[in-house]
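Engineer:
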Amino acid sequence: MQGNIACAEGALAAGCRFFGGYPITPSTEIAEHMAVKLPKLSGTFIQMEDEIASMASIIGASWTGKRAMTATSGPGFSLMMENIGFAVMTETPCVVVNIQRGGPSTGQPTMAAAGDMMQCRFGSHGDYSVIALCPSSVQEMYELTVKAFNLADRFRVPVFLMADEIIGHMRERIIVPDTVEHHERKSLQPGVLPFHPDDDQVPGFPEFGKGFGVHVTGLTHDERGYPCATNPKLHEQLVMRLYNKVEQARKEIADYEVTNPDAELVFVTYGSPARSVEQVLHDTPGKKIGHLRLKMVWPFPEHAIREFHDAARFIIPELNLGQIAREFDRHTSVPVVSVPKLGGELHLPSELKKLIGVNE
Amino acid sequence: MRHEIRFSGFGGQGIILSAVIIGRAAVMYDSKYAVQTQVYGPEARGGASMSAVIIDDEPILFPKVTMPDIYVIMSQEGFEKYGASAPEGAVMILDSTLVHSRPACTFIEVPATQEAREKLGRDIVANIVMLGALVAATHVVSETAIEKAILDSVPKGTEKLNLSAMSRGFELIKERGTSS
């Protein structure tokens with residue numbers, strides 16, 4: 001199965017019944033597959049006029065209680081930024097898939113990159129926190145899409161599936177599970193104000209059409225949902241809650257794999273470069289090499305670094321100029337070596353071996 | 361046993377579909393692992409097209425083809441771009457109707473486009489003739505597996521034509537052996 005199709009199938013299995021999007025290489029197969037499948041499941045597929053509207057459409061659909069998603073690539077992702085901020089501020093659960101390609105601008109439509117890793121975290125204005133997942137196989141395109149919906153509903157945030165052209169377009173073996181985990185979105189209880197948070201900092205969701213009267217605004221709002229944009233204390237409280245509801249769970253929701261935690265030399269990857277590093281480990285059984293593979297990059301799992309207690313050097317191959325290497329470096333005193341690669345091709349195992357002094 | 365197969369020809373010949381079919385045969389019907397990737401640009405029909413498949417008994421880690429041991433080449437431009445550099449130990453199956461050059465490695469000439477046109481009445485199944493020849497010559501997947509994978513992948517109503525093309529590919533290899 002192709003990675004993009006696995007993503008669409010994962011979304012359908014997770015109960016996604018609304019897709020609003022604008023096709024763009026290399027994500028188009030997701031929209032195509034949803035267009036074929038959703039009507040048969042009484043769902044809705046709509047091709048919007050652009051990516052700004054696509055993002056708006058999934059926000060609207062989500063407020064009716066539907067699980068909603070869109071899929072895009074760099075140029076469309078840039079257009080989505082404004083309404084991603086609106087989804088953050090209005091606490092609208094939604095899933096945004098970005099099959100990354102070479103940028104800036106229209107760049108390389110058919111080649112892989114991971115240049116949007118900081119954009120997904122900080123691309124919309126203001127302070128906030130989001131969740132970003134990075135698959136490195138077709139199997140994970142399926143599994144992490146399911147997970148994205150569950151996290152979006154739990155935290156009421158946009159959740160990003162940050163894949164790349166290689167994983168989106170490659171075909172490989174996948175085992176489709178009979179059932180997938182499904183965590184219901186928490187409903188607003190009668191008599192509670194619509195933006196009054198529970199202990200987990202997340203308010204119950206007042207689904208449209210279920211008798212709630214709710215004002216949904218991008219302006220700073222009080223617990224009733226009414227605009228109140230000049231009260232400094234209220235604004236601070238709201239933004240801190242939007243930030244903390246995700247950040248306070250960063251340890252609990254962290255998702256990563258650790259190989260050889262006692263190694264001195266440790267590779268750190270997310271997305272497709274993980275496959276290059278797995279090949280290096282496979283080819284050099286005599287050499288102890290660690291591997292930290294991040295399946296969730298945001299919120300950043302800084303505690304994972306501590307699992308490698310003997311680490312003397314972290315090597316981070318990325319399909320960008322070192323976006324996550326810099327983030328990683330902030331959290332450790334151990335030397336961090338960034339191995340950037342631009343152009344659209346994956347790091348060759350031979351390149352990485354040379355870097356660590358293994359000659360073939 | 362790991363095999364890396366590179367397919368090249370021009371857009372419209374079904375170069376990518378060929379790779380998808382052989383990968384599907386390996387995974388679904390021979391219980392092996394396979395990864396299919398491709399290089400494609402904004403150009404569609406007519407330009408050089410390339411796709412690649414890795415078939416292995418073990419899970420495949422690095423998903424890209426770096427050292428193909430099998431080449432399936434269906435156009436002169438495809439040969440020049442992706443086939444001319446084939447290492448000596450490789451095997452190349454080439455469509456002798458459309459490829460004029462010959463590589464330094466072992467090669468097998470299969471007049472696939474001519475056979476498809478004259479014996480089967482449709483150029484479009486030349487890639488399936490090549491797939492039949494590939495399987496008969498290299499046994500990267502079983503003959504039953506490729507048959508089932510072709511049936512899964514071709515449009516309804518064309519099954520008979522495609523299976524005839526596959527069988528013609530088998531025959532062309534069995535008639536001549538793997539010489540040259």
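The listed protein sequences derive, respectively, from chains A and B. Heads up: the first sequence begins at 1 in the numbering used here, then just goes up one per residue. Heads up: the second sequence begins at 361 in the numbering used here, then just goes up one per residue. Note that CB positions come from ideal geometry on N, CA and C, so glycine has one too. As the structure is a prediction and not an experimental result, all values here were calculated from the model.
Looking at the secondary structure, which residues open and close the beta strand (DSSP E) in which Asp127(A) lies?
Structural biologist: Within the first sequence, the letter at position 127 stands for residue 127(A). Run containing Asp127(A): none; DSSP gives neither H nor E here.
Engineer: Take Ile430(B) as the anchor and find which of Glu531(B), Ile376(B) and Ala412(B) has the nearest alpha-carbon.
Structural biologist: Here residue 430(B) is taken as the residue at index 70 of the second sequence, counted from 1. Answer by Cα proximity: Ala412(B).
Engineer: Check for me: the beta strand (DSSP E) holding Phe370(B) runs from which residue to which?
Structural biologist: Counting from one through the second sequence, the residue named residue 370(B) turns up at place 10. Start and end: His363 to Phe370.
Engineer: Just list the beta strand (DSSP E) runs in the stretch 275-333 of chain A, keeping only unbroken ones of 3 residues or longer that don't cross its boundaries, in chain order.
Structural biologist: With a minimum length of 3 residues, the continuous beta strand (DSSP E) runs that stay inside the stretch 275-333 of chain A are 289-294, 296-298 and 313-318.
Engineer: Between Thr538(B) and the rest of its own chain, which residues show a CB-CB distance below 7 Å, the 5 nearest in sequence each way excluded?
Structural biologist: Working through the second sequence from its first residue, we reach residue 538(B) at position 178. Confidence at Thr538(B) is low in this model, with a pLDDT of 47, below 50, so its placement is unreliable and no value can be given for it.
Engineer: Taking beta-carbon pairs under 8 Å, can you tell me which members of the stretch 160-189 of chain A lie near chain B?
Structural biologist: Of all residues in the stretch 160-189 of chain A, Ile166, His169, Met170, Arg171, Glu172 and Arg173 have a Cβ within less than 8 Å of some Cβ in chain B.
Engineer: Give me the chain B residues within the contact set of Glu278(A), using Cβ-Cβ distance strictly less than 8 Å, ordered along the chain.
Structural biologist: Position 278 of the first sequence, counted from the start, is the residue given in the question as residue 278(A). Those are Leu421 and Phe422, listed as they occur along chain B.
Engineer: Does the beta-carbon distance from Leu265(A) to Arg313(A) come in below 7 Å?
Structural biologist: Within the first sequence, the letter at position 265 stands for residue 265(A). Within the first sequence, the letter at position 313 stands for residue 313(A). Taking 7 Å as the Cβ cut-off, Leu265(A) and Arg313(A) qualify as a contacting pair.
Engineer: Please find out if some non-hydrogen atom of the ligand NAP comes closer than 6 Å to the beta-carbon of Met141(A).
Structural biologist: By its list of ligands, the structure shown contains no ligand whatsoever, and the ligand NAP lies outside what it can speak to.
Engineer: Do Gln201(A) and Lys245(A) have their C-beta atoms closer together than 7 Å?
Structural biologist: Position 201 of the first sequence holds residue 201(A). Position 245 of the first sequence holds residue 245(A). Taking 7 Å as the Cβ cut-off, Gln201(A) and Lys245(A) qualify as a contacting pair.
Engineer: Check the Cβ of Val380(B) against every Cβ in chain A and list those closer than 9 Å, keeping chain order.
Structural biologist: For this step, residue 380(B) is matched to residue 20 along the second sequence. Ordered by position in chain A, the residues that pass the 9 Å Cβ test against Val380(B) are Gln2 and Arg171.
Engineer: Let me know the alpha helix (DSSP H) ranges lying completely inside the stretch 238-269 of chain A, each 4 residues or longer, listed in chain order.
Structural biologist: You should have 250-253.
Engineer: If you count every other CB in all the chains shown that lies within 10 Å of the CB of Ser540(B), and 16 or more means buried, which is it?
Structural biologist: Position 180 of the second sequence, counting from 1, holds the residue named residue 540(B). Note that Ser540(B) scores a pLDDT of 45, beneath 50, so its modelled location is shaky and nothing firm can be said.
Engineer: With a floor of 3 residues, list each beta strand (DSSP E) that falls wholly inside the stretch 89-153 of chain A, ordered by position along the chain.
Structural biologist: DSSP runs (the beta strand (DSSP E)) wholly in the stretch 89-153 of chain A: 94-102, 108-112 and 131-133.
Engineer: Going along chain A, which residues have a C-beta under 9 Å from Ala394(B)?
Structural biologist: For the purposes of this step, residue 394(B) is identified with residue 34 of the second sequence, where counting begins at 1. Within 9 Å Cβ-Cβ: Arg171, Glu172 and Arg173.
Engineer: What residues match up with Ile46(A) in a beta bridge as DSSP calls it?
Structural biologist: As a position in the first sequence, residue 46(A) is number 46, starting the count at 1. Paired residues: Gly20(A).
Engineer: What does DSSP give as the partner residues of Tyr431(B) in its beta bridges?
Structural biologist: Locating residue 431(B) in the second sequence gives position 71, where the first residue counts as 1. DSSP lists Arg366(B) and Met452(B) as partners of Tyr431(B).
Engineer: From the DSSP output, which residues share a beta bridge with Gln398(B)?
Structural biologist: One-based indexing of the second sequence puts residue 398(B) at position 38. Gln398(B) pairs with Ser411(B).
Engineer: Quick check on Thr28(A): does DSSP put it in helix, strand or coil?
Structural biologist: Taking the first sequence and counting its residues from 1, one reaches residue 28(A) at position 28. If DSSP states are grouped into helix, strand and coil, Thr28(A) belongs with the helices.
Engineer: Within the same chain, show all residues whose beta-carbon is closer than 7 Å to that of Ala56(A), passing over the 5 residues directly before and after it, in chain order.
Structural biologist: Here residue 56(A) refers to the residue found at position 56 when the first sequence is read from its first residue. Contacts found: Asn83.
Engineer: Determine whether the beta carbon atoms of Ile58(A) and Cys16(A) lie at a separation below 7 Å.
Structural biologist: Here the question's residue 58(A) lines up with position 58 in the first sequence. Here the question's residue 16(A) lines up with position 16 in the first sequence. In this structure, Cys16(A) does not lie closer than 7 Å to Ile58(A) by Cβ.
Engineer: Please confirm if Arg101(A) has its CB atom under 7 Å from at least one CB of chain B.
Structural biologist: Residue 101(A) sits at position 101 when you count from the first residue of the first sequence. No, Arg101(A) lies away from the interface with chain B (no Cβ there is under 7 Å from its Cβ).
Engineer: Would Gly21(A) be called buried (16 or more neighbouring beta carbons within 10 Å of its own) or exposed?
Structural biologist: The count along the first sequence starts at 1 and reaches residue 21(A) at position 21. Counting Cβ neighbours within 10 Å, Gly21(A) comes out buried, since at least 16 surround it.
Engineer: For Pro203(A) and chain B, any beta-carbon pair shorter than 7 Å?
Structural biologist: To locate residue 203(A), count along the first sequence from 1; it is residue 203. Taking Cβ atoms only, chain B never reaches closer than 7 Å to Pro203(A), which makes this a no.
Engineer: Can you give the beta carbon distance from Arg156(A) to Leu193(A), rounded, assuming they're within the 8 Å contact cut?
Structural biologist: Looking up residue 156(A) in the first sequence gives position 156. Looking up residue 193(A) in the first sequence gives position 193. Not a contact, Cβ separation roughly 15 Å.
Engineer: Report the option in Arg306(A), Glu252(A) and Pro261(A) whose CA atom is closest to the CA atom of Phe328(A).
Structural biologist: Here residue 328(A) is taken as the residue at index 328 of the first sequence, counted from 1. The candidate whose alpha carbon is nearest that of Phe328(A) is Arg306(A).
Engineer: Identify, in the order they occur along the chain, each residue of the same chain with its Cβ nearer than 8 Å to the Cβ of Arg171(A), setting aside the five sequence neighbours on each side.
Structural biologist: Taking the first sequence and counting its residues from 1, the one referred to as residue 171(A) is at position 171. Within the same chain, Arg171(A) has close Cβ partners Met1, Gln2, Gly3 and Val138.
Engineer: Using DSSP bridges, identify the partner residues of His221(A).
Structural biologist: Counting from one through the first sequence, the residue named residue 221(A) turns up at place 221. Pro227(A), per the DSSP bridge assignment.
Engineer: Going along chain B in order, which residues have a C-beta closer than 9 Å to the C-beta of Pro349(A)?
Structural biologist: Residue numbering aside, residue 349(A) sits at position 349 when the first sequence is read from its first letter. Going along chain B in sequence order, the residues near Pro349(A) (Cβ under 9 Å) are Leu421, Phe422 and Thr426.
Engineer: Does DSSP put Ser272(A) in a helix, in a strand, or in coil?
Structural biologist: The count along the first sequence starts at 1 and reaches residue 272(A) at position 272. Coil.
Engineer: Please report the straight-line C-alpha distance between Leu161(A) and Ile414(B), rounded to a whole angstrom.
Structural biologist: Translated into the one-based positions of the first sequence, residue 161(A) becomes position 161. Translated into the one-based positions of the second sequence, residue 414(B) becomes position 54. Answer to the nearest angstrom: the Cα atoms are 26 Å apart.
Engineer: Suppose contacts are defined by Cβ-Cβ distances below 7 Å. Is Gly438(B) in contact with Ser368(B) by that definition?
Structural biologist: Residue mapping note: residue 438(B) aligns to position 78 of the second sequence, counting from 1. Residue mapping note: residue 368(B) aligns to position 8 of the second sequence, counting from 1. Yes, they are a contact pair.
Engineer: Is the distance from the Cβ of Ile376(B) to the Cβ of Gln398(B) below 7 Å?
Structural biologist: Here residue 376(B) corresponds to residue number 16 of the second sequence, with the count starting at 1. Here residue 398(B) corresponds to residue number 38 of the second sequence, with the count starting at 1. Closer than 7 Å, so yes.
Engineer: Across the stretch 119-135 of chain A and the stretch 28-44 of chain A, are there enough close Cβ pairs to call them in contact, namely three or more that are closer than 8 Å?
Structural biologist: No, they do not touch.
Engineer: At the level of alpha carbons, what is the spacing between Tyr23(A) and Ala14(A)?
Structural biologist: As a first step, residue 23(A) must be located in the first sequence, where it is residue number 23. As a first step, residue 14(A) must be located in the first sequence, where it is residue number 14. Inspection of the sequence shows that residue 23(A) is occupied by Pro rather than by Tyr. The alpha-carbon atoms of Pro23(A) and Ala14(A) are separated by roughly 22 Å.
Engineer: Ordered along the chain, which non-local residues of its own chain (more than five positions away) have a Cβ less than 8 Å from that of Pro428(B)?
Structural biologist: As a working note, residue 428(B) is residue 68 in the second sequence. Here the set comprises Glu364, Ile365, Arg366, Ala412, Ala446 and Ala450.
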